[in-house]
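Number of protein chains: 2
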Amino acid sequence: MNIAILGFGTIGSGVYEIVNQIQAEELKDCKVTKILDLPQNKDKLDIIVCDINDITEDESIDLVVETMGGIHPAYEFIQNCLQHKKHVVTANKAVVAAHMSDFLKSAKENGVQFRFEASTGGGIPWLASIQKAKRIDEISSFYGIFNGTTNYILDSMNTLNEEFETALKKAQQLGYAEANPSADIDGYDVQNKVTISAALAFDSKIDMKDFPCFSMANITYEDIQYLKSHHQMIKYIGQAIKKENMYEAFVMPMVFASNSLEANIPSNFNIVTLNGNTIGELKFYGQGAGKLPTANAIVEDILDIKNQISYGKVSLDKKLSYCNTLLKEKYLIRTNCPIENEWIDSVECKGANYYITTKAISTKDFMKLVNSISDQKAMIAKYM
Amino acid sequence: MNIAILGFGTIGSGVYEIVNQIQAEELKDCKVTKILDLPQNKDKLDIIVCDINDITEDESIDLVVETMGGIHPAYEFIQNCLQHKKHVVTANKAVVAAHMSDFLKSAKENGVQFRFEASTGGGIPWLASIQKAKRIDEISSFYGIFNGTTNYILDSMNTLNEEFETALKKAQQLGYAEANPSADIDGYDVQNKVTISAALAFDSKIDMKDFPCFSMANITYEDIQYLKSHHQMIKYIGQAIKKENMYEAFVMPMVFASNSLEANIPSNFNIVTLNGNTIGELKFYGQGAGKLPTANAIVEDILDIKNQISYGKVSLDKKLSYCNTLLKEKYLIRTNCPIENEWIDSVECKGANYYITTKAISTKDFMKLVNSISDQKAMIAKYM
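As they're listed, the protein sequences go chains A and B. The numbering of the first sequence is UniProt numbering, which starts it at 1 and goes up by one. The numbering of the second sequence is UniProt numbering, which starts it at 1 and goes up by one.
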């Protein structure tokens, strides 16, 4: 199987290393024969090309790995490759979350495969596990720590007693966070991953604009200390739940008991959980990002395509509506303004701040409550 | 695909329920058509037969699920079914650990499949994950909580402040532990599961008589309190590690930091971890036993056979020798007799007991140390 890689950054070079350098029996007949990169990198390796047509028009290439990231030109390149009857494997969550159904349609029309395990959960076999579980079970819900950067920040704040800004800077120095960290800390990364996971778990097209996504940037060292004194810990969570033909989904900080698994996830690791009717609760833990774990997930997809392994076609045919009154949950709000409202259960004062716990209320009511808060620095979280 | 089930206890009836009653697309062409049970149960269901030949001689049966447990007559029945060119799926860890290579040989000779996901980790997709990871990575080690009964006991001792005997009795009342709990608390159950996991992970026949298996029955409420005061928790662990053509394996209590995932595994859940060179550390958590989770794992095997899904043939061809000097680890011993020895690092007195921590020593030296202890109630554990 001849493979081309689009993009030769961290993930692309990881795929190249695994496919061309690891001595595994399964990989013997796989070879990276072309890599698309910028003209200034042309001399790095003799298989680098700079024109996508050198790949799409090359009939010897069976499969294309897309690791460029972003929506454009990744979208056009993926479509172009599928239309040229090449299997496509990608780690690009943004383009998959936005265009999954287009890609699946193109792949089907052209008799090839489109796979994206590495887009969500990095090296954790998460999407395959959803697909596998669904052969028998209905998946009623899933949730988890889908972002390693924010987990690294929260874990450093908790274990090293650091302020948010200090922990973020360290994450940037280690290459876990971008110079502009918004995609991680404001939740767009997790939003993409929840969208992809929910589409697979619930067999339905999910529009990420429908469900709420709250930033974790307002979590302070004091918040973590406050929760610690209550034997709790805050983590940044993506979650989705289905009831009949409706669903709810969130990206938001969530409060866990300090002896829960989630509260104890260290460093930049991820943990994701699914619930099925016969399998019960399954959790998967591992590196949700990084060169070799992510490249490993891509190569697992390549091998599944090569060996025609499939846990069933991805279908997005079910009509599922977003509904913000399915769940009734308790929330925690930390703000410097007192709130008076029928939904408030208890208030604790800490210095200039109020830690306000709500009664179990619907998302609809919670959104009204949030919109009534003028404090731009307010921290909001859901209780697990 | 017509399926016969051998044994109609908890697991067998779970498989029957899932295959014949769950409305999943994938299961539409699967049907349980015969169940082998005792003559006194003949009238329970009209598909019950009492003679194995009614199944082996029935050409309409494609696959046999063995859920009887124990070595005999499970061994003979499995071989008989394979020789009659029927695929076999089993949850029976004892017979798989003892005779895996015979079964794989018979299956190969007869052009059928032999699968045993449910034998280890119950509903957790553990063996499939080992097989999948191995397509790319060398698995250097694995460890985990492989037994839900003992985890339930330790968790109750820790969170409900119960004595060992009280927790064990509750586990028996809940059906987690047998009337004779030895297979769980003395480690034979975990020994089987480590043997099966190591064979798959390391591609080698593993003889469970080679590696040490320590009981957890000597762990007391006082031990748990002592460890709690050191921010630690004890769990009952199976572990194996490979270096070149040698391996070490253990079944024994292990001491974990209280903020580790293992320390926080609740109730009767399992967690198992593998380490690969590119994927890093992967952990899998779920129900390691119980009717529907175990039956789910069996049905996943059935569907993999039906859909010809395989992560590669199981080969036990590599020659791997047990070696008790690969690892150097620290151990904890609680005993009422003082020990004087060059390997001792520190001793703490608590009432009539000494809590003795060793230096990092080989298993060989540790075994010498253990054999020198006359206290039959001594508790021994390895530090993680």
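The beta-carbon is built from N, C-alpha and C at its ideal position, and this holds for glycine as well.
- Query: Tell me which same chain residues have a C-beta within less than 7 Å of the C-beta of residue 27 (chain A), skipping the five on either side of it?
  - Reply: Mapped onto the first sequence, residue 27 (chain A) falls at position 27. Only 19 meet the Cβ criterion.
Checklist entry - Closest by CA to residue 267 (chain A), which one among A:3, A:362, A:290? => result In the first sequence, residue 267 (chain A) corresponds to position 267, counting from 1. Of the listed residues, the one whose Cα sits closest to residue 267 (chain A) is A:290.
**Message:** Could you check whether the Cβ of residue 280 (chain B) sits closer than 7 Å to any Cβ belonging to chain A?
**Reply:** The sequence position of residue 280 (chain B) within the second sequence is 280, counting from 1. So yes, residue 280 (chain B) belongs to the interface.
Contact set for residue 80 (chain B): own chain, Cβ-Cβ below 7 Å, skip 5 residues either direction = Translated into positions along the second sequence, residue 80 (chain B) becomes position 80. Same-chain partners within the cutoff: 52, 56.
Next item on the list: Compute the distance between the beta-carbons of residue 136 (chain B) and residue 24 (chain A), then report whether it is under 7 Å.
Entry: Position 136 of the second sequence, counted from the start, is the residue given in the question as residue 136 (chain B). Position 24 of the first sequence, counted from the start, is the residue given in the question as residue 24 (chain A). Closer than 7 Å, so yes.
Check: Is residue 256 (chain B) closer than 7 Å to residue 272 (chain B) when the C-beta atoms are compared?
Finding: Working through the second sequence from its first residue, we reach residue 272 (chain B) at position 272. Working through the second sequence from its first residue, we reach residue 256 (chain B) at position 256. In this structure, residue 256 (chain B) does not lie closer than 7 Å to residue 272 (chain B) by Cβ.
Q. Under the three-state reduction of DSSP, which class applies to residue 229 (chain B): helix, strand or coil?
A. For the purposes of this step, residue 229 (chain B) is identified with residue 229 of the second sequence, where counting begins at 1. Three-state result, residue 229 (chain B): helix.
Item checked: Inter-residue Cα distance where the pair is residue 368 (chain A) and residue 254 (chain A) -> What you label residue 368 (chain A) is simply residue 368 of the first sequence in a count that begins at 1. What you label residue 254 (chain A) is simply residue 254 of the first sequence in a count that begins at 1. Taking the straight line joining both Cα atoms gives about 19 Å.
(request) Give me whichever residues DSSP pairs with residue 87 (chain A) in a beta bridge. (result) Along the first sequence, one-based indexing puts residue 87 (chain A) at 87. The partner list for residue 87 (chain A) (beta bridge, DSSP) reads A:63.
Check: Do residue 192 (chain A) and residue 105 (chain A) come within 7 Å of each other at the CB atom, strictly closer than that value?
Finding: Locating residue 105 (chain A) in the first sequence gives position 105, counting from the first residue. Locating residue 192 (chain A) in the first sequence gives position 192, counting from the first residue. No, these two residues do not count as a Cβ contact at 7 Å.
Near-chain A residues of the segment 261–273 of chain B - C-beta to any C-beta below 9 Å:
261, 263, 264, 265, 266, 269, 271, 273
### Task
Measure the Cβ-Cβ separation of residue 149 (chain A) and residue 188 (chain A) and say whether it is below 7 Å.
In the first sequence, residue 149 (chain A) corresponds to position 149, counting from 1. In the first sequence, residue 188 (chain A) corresponds to position 188, counting from 1. Cβ atoms of residue 149 (chain A) and residue 188 (chain A): not closer than 7 Å.
Mind reading off the beta-carbon distance from residue 364 (chain B) to residue 307 (chain B)? Whole number of angstroms is fine, and I expect it under 8 Å. For the purposes of this step, residue 364 (chain B) is taken as residue 364 along the second sequence, with counting starting at 1. For the purposes of this step, residue 307 (chain B) is taken as residue 307 along the second sequence, with counting starting at 1. That belief does not hold up - the Cβ atoms of residue 364 (chain B) and residue 307 (chain B) are roughly 47 Å apart, past 8 Å.
### Query
Since residue 127 (chain A) and residue 89 (chain A) are thought to touch, with beta carbons under 8 Å apart, how far apart are those beta carbons, to the nearest angstrom?
Translated into the one-based positions of the first sequence, residue 127 (chain A) becomes position 127. Translated into the one-based positions of the first sequence, residue 89 (chain A) becomes position 89. With a Cβ gap of about 12 Å, residue 127 (chain A) and residue 89 (chain A) do not count as contacting.
| request: In angstroms with no decimal places, state the Cα-to-Cα distance between residue 152 (chain B) and residue 144 (chain B). | output: To locate residue 152 (chain B), count along the second sequence from 1; it is residue 152. To locate residue 144 (chain B), count along the second sequence from 1; it is residue 144. Cα to Cα, residue 152 (chain B) sits roughly 15 Å from residue 144 (chain B).
For residue 439 (chain A), would you say it is in contact with chain B, using Cβ-to-Cβ distances shorter than 7 Å as the test?
No answer is possible for residue 439 (chain A): it lies beyond the span of chain A, which begins at 1 and ends at 384.
Considering just the uninterrupted stretch of the alpha helix (DSSP H) at residue 108 (chain B), what are its terminal residues? Along the second sequence, read from residue 1 onward, the residue named residue 108 (chain B) stands at position 108. That run of the alpha helix (DSSP H) goes 93–109.
Worksheet entry | residue 213 (chain B) versus residue 251 (chain B): straight-line alpha-carbon distance, rounded | Here the question's residue 213 (chain B) lines up with position 213 in the second sequence. Here the question's residue 251 (chain B) lines up with position 251 in the second sequence. Each residue's Cα considered, the two are about 5 Å apart.
* Residues within the segment 342–376 of chain B neighbouring chain A, beta-carbon criterion of under 9 Å -> none
Thinking just about the alpha-carbon of each residue, which of A:8, A:76, A:297, A:72 is nearest to the one in residue 47 (chain A)? Here residue 47 (chain A) is taken as the residue at index 47 of the first sequence, counted from 1. Comparing Cα-Cα distances from residue 47 (chain A) to each of A:8, A:76, A:297, A:72, the minimum goes to A:8.
TODO: Please classify residue 317 (chain B): does DSSP put it in a helix, a strand, or coil?
DONE: Mapped onto the second sequence, residue 317 (chain B) falls at position 317. Of the three classes helix, strand and coil, the one that applies to residue 317 (chain B) here is strand, per DSSP.
**Asked** Around the C-beta of residue 184 (chain A), are 16 or more other C-beta atoms found within 10 angstroms, so that it is buried, or is it exposed?
**Response** Position 184 of the first sequence, counted from the start, is the residue given in the question as residue 184 (chain A). Buried: at least 16 other Cβ atoms inside 10 Å.
Discussion item. Strictly under 7 Å for the Cβ-Cβ distance: is residue 286 (chain B) near chain A by that measure?
Written reply: By 1-based counting over the second sequence, the position of residue 286 (chain B) is 286. Cβ-Cβ to chain A under 7 Å: yes for residue 286 (chain B).
Please report the straight-line C-alpha distance between residue 22 (chain B) and residue 296 (chain B), rounded to a whole angstrom. Working through the second sequence from its first residue, we reach residue 22 (chain B) at position 22. Working through the second sequence from its first residue, we reach residue 296 (chain B) at position 296. Each residue's Cα considered, the two are about 11 Å apart.
_With H, G and I counted as helix, E and B as strand and the rest as coil, what does DSSP make of residue 112 (chain B)?_
Position 112 of the second sequence, counted from the start, is the residue given in the question as residue 112 (chain B). Of the three classes helix, strand and coil, the one that applies to residue 112 (chain B) here is coil, per DSSP.
message: Please return the same chain residues whose Cβ sits closer than 7 Å to the Cβ of residue 370 (chain A), not counting the five positions on each side in sequence.
response: Position 370 of the first sequence holds residue 370 (chain A). Counting only Cβ-Cβ distances below 7 Å, and skipping sequence neighbours, we find 380.
Original post:
Using a C-beta cutoff of 7 Å, does residue 292 (chain A) count as contacting chain D?
Top reply: In the structure shown, chain D cannot be found, because the protein chains are A and B.
* Would you please verify whether the beta carbon of residue 24 (chain A) is less than 7 Å from any beta carbon of chain B? => Against the first sequence, residue 24 (chain A) aligns to sequence position 24. It does; some Cβ of chain B falls within 7 Å.
*asked:* For residue 129 (chain A), count the other beta carbons within 10 Å of its own beta carbon; 16 or more makes it buried, fewer makes it exposed. Which is it?
replied: Position 129 of the first sequence, counting from 1, holds the residue named residue 129 (chain A). Answer is buried; the Cβ neighbour count reaches 16.
Under 9 Å from the C-beta of residue 295 (chain A): neighbouring residues of chain B: Here the question's residue 295 (chain A) lines up with position 295 in the first sequence. Neighbours of residue 295 (chain A) on chain B, chain order: 278.
Throw me the rounded Cβ distance for the residue 122 (chain B) and residue 194 (chain B) pair, which I believe falls under 8 Å. In the second sequence, the residue the question calls residue 122 (chain B) occupies position 122. In the second sequence, the residue the question calls residue 194 (chain B) occupies position 194. Wrong, their Cβ atoms sit about 15 Å apart, outside the cutoff.
Minimum length 3: unbroken beta strand (DSSP E) runs contained in the segment 314–372 of chain B: 331–335, 344–350, 353–358
Please list the terminal residues of the continuous alpha helix (DSSP H) segment that includes residue 131 (chain B). Within the second sequence, residue 131 (chain B) is the residue found at index 131, counting from 1. 126–134 is the span of the alpha helix (DSSP H), which, as asked, contains residue 131 (chain B).
Could you pull out every residue in the same chain whose Cβ sits closer than 7 Å to the Cβ of residue 233 (chain B), ignoring the five residues on either side in sequence? Along the second sequence, one-based indexing puts residue 233 (chain B) at 233. Contacts found: 158, 227, 256, 258, 263.
Checklist entry - Taking Cβ positions only, does residue 299 (chain A) come closer than 7 Å to chain B? => result As a position in the first sequence, residue 299 (chain A) is number 299, starting the count at 1. Yes, residue 299 (chain A) lies at the interface with chain B (some Cβ there is under 7 Å from its Cβ).
Beta-ladder partner(s) of residue 244 (chain B), from DSSP:
Position 244 of the second sequence, counted from the start, is the residue given in the question as residue 244 (chain B). Residue 244 (chain B) pairs with nothing; no bridge assigned.
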